[in-house]
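Participant: One structure is given below, represented as structure tokens, and several questions about it will come after.
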Amino acid sequence: MLQLLRLLSASTEPLNYTEIRRAIAPLPVDLERARAEKLVWAGDYLPSTYTITEAGRARLAELEAEERVIEALKDGPLNFPAFFAKLGDSSAIGDAVGRLEKTGKVVIERGINGMIYFFRLATPELPEAAVLDLQADMRSEEHTSELQSPCNLVC
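If you use the working numbering, the sequence shown corresponds to residues 35 to 189, in order.
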């Protein structure tokens, strides 16, 4: 779907079926699915021409944000600050993480207080030692920030 939406988004003119098939071989069934979801619009002429809709552009942005999240986590888990430092703190990235967590592609490890420790891809499984190291790093950062808060200053 991502390849199809990118192709149509980049085109300044509507593309016909043959042009799409030439660019994406073999032509995915995504074309009919995209048409059913109203992500692309098919003209009434033969051969039909296809253009991307506003809903298609919005879905393209969602898919690209999800792709960025997955790509960032391919090298291994990232703790909360490192994750947003790498990808930027935007609602699109936050929404993408939420969608990926719901589909089981991304795991968000949380502490008992609900604080996010780190993000990782759901597979392959992360070795227990790596999980413990990341949790220790986050607890250390929590402890440091608690010690630096004005209510805990010791003079």
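Heads up, the beta-carbon is just placed ideally off N, CA and C, and yes, glycines get one too.
So Ile54 is in the alpha helix (DSSP H); what residue range does that whole segment cover?
Facilitator: 51-57
Participant: Excluding the 5 residues flanking Ser82 on each side, which residues of the same chain have their C-beta closer than 8 Å to its C-beta?
Facilitator: Asn50, Tyr51, Ala76
Participant: Tell me the residue span of the alpha helix (DSSP H) that contains Leu38.
Facilitator: 36-44
Participant: Quick check on the DSSP output: the alpha helix (DSSP H) that includes Glu105 runs from which residue to which?
Facilitator: 88-107
Participant: Out of curiosity, what's the CA-to-CA distance linking Gly128 and Val74?
Facilitator: 26 Å
Participant: Got a sec, what are the start and stop residues for the alpha helix (DSSP H) Ala68 sits in?
Facilitator: 64-70
Participant: Check Ser183 in the structure and name its three-state DSSP category.
Facilitator: Note that Ser183 has pLDDT 49, beneath the 50 cutoff, so the model's placement of it is unreliable and the number below is only indicative. Note: Ser183 maps to coil in three-state DSSP.
Participant: Applying the criterion that 16 or more other CB atoms from any shown protein chain within 10 Å of the CB defines a buried residue, is Ser183 buried or exposed?
Facilitator: Confidence at Ser183 is low in this model, with a pLDDT of 49, below 50, so its placement is unreliable and no value can be given for it.
Participant: Could you say if the region 130-145 and the region 100-113 meet the contact criterion of at least three C-beta pairs nearer than 8 Å?
Facilitator: yes
Participant: Which residue marks the beginning of the alpha helix (DSSP H) containing Leu155, and which one marks its end?
Facilitator: From DSSP, Leu155 is part of no alpha helix (DSSP H) but of the beta strand (DSSP E) over 150-155.
Participant: Under a three-way DSSP split, which group does Leu73 fall into?
Facilitator: coil
Participant: Along the chain, where does the alpha helix (DSSP H) that runs through Glu135 open and close?
Facilitator: 125-136
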